[in-house]
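Asker: Taken in sequence, the protein lines are chains D and S. So for the first sequence, my numbering puts the first residue at 457; every next one is plus one. So for the second sequence, my numbering puts the first residue at 4; every next one is plus one. Sharing a structure, written as structure tokens. Questions coming.
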Amino acid sequence: MEYVSPEGLRLDGRRPMEMRQLRAEIGTVAKADGSAVFEMGNTKVIAAVYGPREVQNRSQQISDQALVRCEYSMANFSTGDRLRKPKGDRRSTEISLVIRQTMEACILTHLMPRSQIDIFVQVLQADGGTRSACINAATLALADAGIPMRDIVTSCSAGYLNSAPLLDLNYIEDSAGGPDVTVAILPKLDKVTLLQMDAKLPVDIFENVMGLAIEGCKAVSNYIKEVLLGNTKQLEYRRGL
Amino acid sequence: MLQSNTFSRKTKAGRIKKEVREIYLRDDIYCGASACKTCLASTCRAPLDASSPLLILDTNVLLHQIDLLENPAIDNVVLLSVVLDEVKNKNMAHYNRIRALSTNPLRKFYVFSNQFHKETFVKRMDGETPNDYNDRAIRVATRWYQTHLGAATPVLLITNDRDNKRRASEEGISADTIQSYVKSLGQPELLDLLVHPAPESEDVTMEQIEDLRPSKKQVVYQEHKPMSEITLGLHRGIYHQGKLRVNRYNPFEAYVGSESIGDEIIIYGRQNMNRAFDGDIVAVELLPQDQWHEEKNLSIADEEDEEEDDVHLAPSSADDAPRTTNLVSGSATETNSTPSRHSGRIVGIIKRNWHSYCGSLEPMAMPAGTGSFTSALFVSKDRRIPKIRIQTRQLENLLDKRIIVAVDSWDRQSRYPSGHYVRVIGEIGDRDTESEVVLIENDINSRPFSAQVLACLPALPWSVSSEDVTNSIRLDLRSLCVFSVDPPGCKDIDDALHCTALPNGNYEVGVHIADVTNFVHPGTPLDDEASQRGTSVYLVERRIDMLPKPLTEDICSLRADVERLSFSVIWEMTPEAEIISTRFTKSVIKSCAALSYVEAQARMDDSRLMDPLTTDLRNMNALAKIMRQRRIDRGALTLASAEVKFQIDTETHDPLDIGMYQIREANQMVEEFMLAANVSVAKQIRDCFPSCSLLRRHPTPTREMLEPLLRTAAAVGLDLDVSSSKALADSLDRAVNILQRDDPYFNKLIRILATRCMTQAVYFCSGDLSPPEYHHYGLAAPLYTHFTSPIRRYADVIVHRLLAASLGIDKLPSVFQDRTQLTSIADNLNYRHRNAQMASRASVELHTIIYFRKRPTDTEARIVKIRSNGFIVFVPKYGIEGPVYLTTRGEKGSGEWYVDEQQQKIVKMDNSLSYSVLQTVRIHMEVVGPQPNRPKLQLTLIF
């Protein structure tokens, strides 16, 4: 199948190096300490953060740092078909783990010993790249909750189809069976905190694809910073400062 | 700007699913006109000429008039992406041809992605059919072009859809049909290329042409079922889907390999085939069992008058052999009670396999007026294709020409499909024309290499540089006495050998193969071209190279006394030919002699010669003999084929003499070491890359396939054991004529018959099959590949790359990461390989006819098959096979002769005469011309 036309356009009219439209909103769950909705094209996820709070299960308490927990799930209605089991399957468990590890790496957990931070992410609409969208949403929600972090984490995926590196795969491109490289970075520290790929790729091409994904992450981080800044300005305005 | 596209789609499981897809609308898609000021055309290709009229084509024009579009008279064309998408869905072959046009720098074709352009995007309206939607999108894009380019550039929408044309006119867009546009160009020869739409379709017909077919519109064929009904029928198991394969030797019989039945369904007659062509994907309905046909194919002649079996080259494998043979099985009573094979009727065609065909027009009287349209019947050279009706203005020119014709439609009322003329190849009977036909029929690209391909060649004159010699990956073997042994006059020498005695009594034997991959790099145009061609093609009078001539004949060819780069396999062998160690390396060699088989043989036989080269030859020969014996003991088959060799007049290129190809010990020696090299390399690459190696396998023939051989053997009192290749090899060795002891050719004849029962070996990607299936039956080798002829086979180039990667010399090209791509390469190689063989055979057949044209000959022949009105004979001396009729045509089955199935005999009613299989008969061979310009070889029995 042709994923990039000879004119250099993808199936949805993007060029290979272009991302989908980003949209973010902070404070969508009033009861949570921090929350956000993040959209990449038709992929839409919501994240809610509770904490830092007292550890619910005492046996899990860590004396010198905070306990970070993460739960990823997909809404029953997130894909066209009704999902039978929205959470608890292997895929969800794996993504929960990935998100927890990624977020743990940037949260300054040593500042909050004997406490617990819960991150809930749910996919409302799935169209490829849910993993990246969840990490971006979680970053926003953590920032909204005011949890101390080293840097914001941003994530983006890239793939390689029809001999061309493609940024930010949508569902059709994702299910083409080609490699899908998901990268998360700490943009200010310029460090990679997550790198996943589920296919084989020659090293030189892999470096290109990963480079493209990192560029994508930087673009996401610029957008997230803008959103956070806008949000802070609004808070400032509300306080009447 | 963001838009979304919502539509419903049916999933594989049959459920309806709603899909939502985003569409990003852009403002950076350019109009493609060179003079356009608004578009920043400098960044991209702008082929369109804004000063002359622009053409925008509707889908129906692209789908039906592709031959016309390829004519340079049609130019300055905008191809809309919405149109291209529709073409792609409906006909991939046409899509590829159109894409080739759009990338051709000489043609002014531009692809405009109208669906993603901000101003030409059209949102689907509720209840709008896809066709209406596309038409609307085309009109919107046309209007945009009109306003965008202004009044200076006329924009013309060309559509054959009446509705679309009307609406366009209403909206103020200038629209025209292709017919009237072509007429306005004033080039009458273009009109022949036009396809005339079928009258019942809603497209605009060409009113000017009256229908010359018989006015009685009687329905000849049954209606094709609509697609929805076919899908339902397939789902319920009433219909069966498969690819139709028409019998090459009897066009009224076809097979559909059906997965749902797990067997082949036979389709008899044009009625049941219901307008399907060879290669079409069809839906078949099984006939009730009492209508399952009996073997009609026992007779050589066909149910319709004009076609008949031709004399042809003896088949060399089961793939070439006539399919009718395997049905003459069993006793007559058995087949009468329960016909064993499913027979069916085609109810619908799922996918057409129409392309263009080579052939000539049926001779006919010239109509009174010239220059007007006349109907003519076209007869394809490929007998599987029915006659095609075409309309032409230049009948007088075409009658004695080979022409190419494409099929357009076949409606229920007409006996023959209708098509249109594409181009002339040349005069019938002319050798060059007929060779060209052979090439076209077998889809062989004989065009000269393009400039991009030639640009990949190293600068000439080329010689081994000092860098090559000092390169650490290359072993300097220039000091060794390396030589090559090939057929006389061979210019593409891709293998050379050496053999030195080691102090410890062992031998070091090296096989050196031209290092083609040093010059052909993956991803270059040169590599793409070679991969497409797949193999060099050897015709009797010419060779069509896979790689450009400088590479084939000079840079890669391991000629004598020049330094060349090679890829070497070096073994240490004991005098008992046991391999102690194997080494692979790139090397530099300097061949000291390029011998022919005859020369090499003469050197070995001449006991006075004691020079080092001859000693090496003798040592190698001794080793080869042991290796060969060991291979035979393992169960490798010594098969035989009736290969013939022409002597060609150097001036006229006409054949002077034909004879059997003689095989000498020297041939076998070289063959043995090549086999050994291939096996060693196969092991190496398979160990390093278990899932992406390119190997070659030869499937074990089933008992069913060997059935004709067994029956023939049984008739002459021979018992063959076919339980394994070893058993078969042994029983073939023992095969002697029991009835007639002094028959030297008998054993070879049996071997030839055995060979043609087997299928050919094929290339495959090792990841696609499980290891037991890798087996090569004919060679009795668990692993085999092709490594030794990279100049003329692309498979070897791939294997060279794999081997280099396994040694860490090169990186593995990215193709190998992608199994589907590798599989498709292997499929293409098999296809090309097979076509190359077919072309070689066809070329030999052609030259046989030329040879016998002036030389009617009497010769000996062997009966290989019994039919109800005669038998098929094989002429060993010329390697050809053909029918001999005992009864004259027309009075077949008159009862004068009857066939004894058990004994494989045809006996005269009064028992005065009988002919049995494998019997020697004398025949007379002569070229006759029953129809003008169509010579054919006729065999008659001499009593």
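Beta carbons are placed, not taken as given, at the ideal position from N, Cα and C, and that holds for glycine. Bear in mind that the values here come from a model prediction, so they are computed numbers and not experimental data.
1) Using a 10 Å radius around the Cβ and a threshold of 16 neighbouring Cβ atoms, would you call D/LYS656 buried or exposed?
2) At which residues does the beta strand (DSSP E) containing S/THR156 begin and terminate?
3) Just to confirm my understanding: we take S/ASN445, look at its own chain, exclude 5 residues before and 5 after, and list those with CB closer than 6 angstroms. What are they?
4) Counting contacts by CB-CB distance shorter than 8 angstroms, is D/GLU463 in contact with chain S?
5) Taking its Cβ as the centre, do 16 or more other Cβ atoms sit within 10 Å of D/PRO472, making it buried, or is it exposed?
6) In chain order, which continuous runs of the beta strand (DSSP E) of length 3 or greater are located wholly inside the segment 522-581 of chain S?
7) Thinking S/VAL36 and S/LEU197 are a contact (beta carbons under 8 angstroms), I'd like their distance in whole angstroms, please.
8) Name the residues in the segment 790-804 of chain S whose C-beta lies less than 9 angstroms from a C-beta of chain D; which are they?
9) Which residues mark the beginning and the end of the alpha helix (DSSP H) in which S/HIS67 is found?
10) What's the C-alpha gap between S/SER535 and S/VAL818?
11) Secondary structure at D/ILE670, three-state DSSP: helix, strand or coil?
12) Helix, strand or coil: how does DSSP classify S/PRO886 here?
13) With a threshold of 8 angstroms between beta carbons, is S/LYS21 in contact with chain D?
14) For the segment 644-673 of chain D, list every residue whose C-beta sits within 8 angstroms of some C-beta in chain S, in sequence order.
15) State the beta-bridge partners of D/GLN690 as determined by DSSP.
16) Output the residue ranges of the alpha helix (DSSP H) runs that lie fully inside the segment 351-412 of chain S and measure 4 residues or longer, sorted by chain position.
17) Does DSSP classify S/MET761 as helix, strand or coil?
18) So, with DSSP's three-state summary, where would you put S/ASN300?
19) For the alpha helix (DSSP H) containing D/SER619, list its first residue and its last residue.
20) Please report whether the beta-carbon of D/ASP468 lies at a distance below 8 angstroms from any beta-carbon of chain S.
21) Using only the alpha-carbon positions, how far apart do S/SER449 and S/SER438 sit?
22) Measuring only between beta-carbons, confirm whether S/SER827 sits less than 8 angstroms from chain D.
23) Could you tell me which residues DSSP pairs with S/HIS515 in its beta bridges?
24) According to DSSP, S/CYS768 sits in a beta bridge with which residue or residues?
25) Suppose contacts are defined by Cβ-Cβ distances below 8 angstroms. Is S/SER487 in contact with S/LEU561 by that definition?
26) Can you find at least 3 beta carbon pairs, one from the segment 142-159 of chain S and one from the segment 118-129 of chain S, that sit closer than 8 angstroms?
27) From S/ILE753, S/GLU22, S/ALA718, pick the residue whose C-alpha is nearest to that of S/SER734; which is it?
28) Provide the residue span of the alpha helix (DSSP H) that contains S/MET607, from first to last.
29) Which of the residues in the segment 23-37 of chain S, read from start to end, lie with their CB under 9 angstroms from any CB of chain D?
30) Mind checking who D/ASP654 pairs with in its DSSP beta bridge?
31) Would you say D/GLY507 faces chain S, with C-beta separation under 8 angstroms as the test?
32) Where in the segment 40-125 of chain S do unbroken runs of the alpha helix (DSSP H), each at least 4 residues long, occur, reported from the N-terminal end onward?
33) With H, G and I counted as helix, E and B as strand and the rest as coil, what does DSSP make of S/GLY422?
34) Anything in chain D within Cβ reach of S/VAL114, meaning under 9 angstroms, just list it in chain order.
35) Would you say D/ARG479 faces chain S, with C-beta separation under 8 angstroms as the test?
36) Go ahead and label S/GLU256 buried or exposed: buried means 16 or more other beta carbons lie within 10 angstroms of its beta carbon, across all protein chains shown.
Answerer: So, to answer that:
1) Taking all protein chains in view, the Cβ of D/LYS656 is surrounded by fewer than 16 other Cβ atoms within 10 Å, so the residue is classified as exposed.
2) Neither: S/THR156 is in no beta strand (DSSP E) and is coded neither H nor E.
3) In the same chain as S/ASN445, and ignoring 5 residues on each side of it, the C-beta atoms closer than 6 angstroms to its own belong to ASN838, MET841, ALA842, in chain order.
4) Taking 8 angstroms as the CB threshold, D/GLU463 lines the interface with chain S.
5) By the C-beta density criterion, D/PRO472 is buried, having at least 16 other C-beta atoms within 10 angstroms.
6) DSSP runs (the beta strand (DSSP E)) wholly in the segment 522-581 of chain S: 566-576.
7) As written in the sequence, residue 36 of chain S is Ala, which differs from the Val given in the question. With a contact defined as Cβ atoms closer than 8 angstroms, S/ALA36 and S/LEU197 miss out at about 28 angstroms.
8) Residues of the segment 790-804 of chain S whose Cβ lies closer than 9 angstroms to any Cβ of chain D: none.
9) Note, S/HIS67: alpha helix (DSSP H), 62-67.
10) The sequence as given places Gln at residue 535 of chain S; Ser does not occur at that position. S/GLN535 and S/VAL818 have their C-alpha atoms spaced approximately 14 angstroms apart.
11) Looking at D/ILE670 - three-state DSSP - the assignment turns out to be helix.
12) Shown here, S/PRO886 sits in a strand according to DSSP, grouped into three states.
13) Closer than 8 angstroms to some Cβ of chain D, the Cβ of S/LYS21 qualifies, so yes.
14) Taken in chain order, the members of the segment 644-673 of chain D whose beta-carbon sits within less than 8 angstroms of a beta-carbon on chain S are LYS656, LEU657, PRO658, ILE661.
15) Paired residues: none, contrary to the question.
16) The DSSP assignment places complete alpha helix (DSSP H) segments of no fewer than 4 residues inside the segment 351-412 of chain S at 398-401, in order along the chain.
17) If DSSP states are grouped into helix, strand and coil, S/MET761 belongs with coil.
18) Low confidence applies here, because S/ASN300 scores a pLDDT of 45, under 50, leaving its location unreliable and the question unanswered by this model.
19) Here D/SER619 belongs to no alpha helix (DSSP H), and DSSP marks it neither H nor E.
20) Answer yes: the Cβ-Cβ gap between D/ASP468 and chain S drops below 8 angstroms somewhere.
21) Answer to the nearest angstrom: the Cα atoms are 11 angstroms apart.
22) Cβ-Cβ to chain D under 8 angstroms: no for S/SER827.
23) As a beta-bridge residue in DSSP terms, S/HIS515 pairs with S/ALA499, S/SER571.
24) Looking at the DSSP output, S/CYS768 shares a beta bridge with S/LEU697.
25) Yes. Within cutoff.
26) The answer is yes - the segment 118-129 of chain S touches the segment 142-159 of chain S, with three or more Cβ pairs under 8 angstroms.
27) For the set S/ILE753, S/GLU22, S/ALA718, the Cα lying nearest the Cα of S/SER734 is the one of S/ILE753.
28) Boundaries of the alpha helix (DSSP H) harbouring S/MET607: 600-608, taken from the DSSP string.
29) Of all residues in the segment 23-37 of chain S, only VAL23, ARG24, GLU25, ILE26, TYR27, LEU28, ARG29, ASP31, ILE32 come within less than 9 angstroms of chain D when Cβ atoms are compared, listed by chain position.
30) Paired residues: none, contrary to the question.
31) It does not; no Cβ of chain S falls within 8 angstroms.
32) Segments of the alpha helix (DSSP H) lying fully in the segment 40-125 of chain S: 62-67, 69-72, 84-93, 95-106.
33) S/GLY422 falls in the strand class under three-state DSSP.
34) Per Cβ cutoff of 9 angstroms: SER461, PRO462, GLU463.
35) Not an interface residue.
36) Buried: at least 16 other Cβ atoms inside 10 Å.
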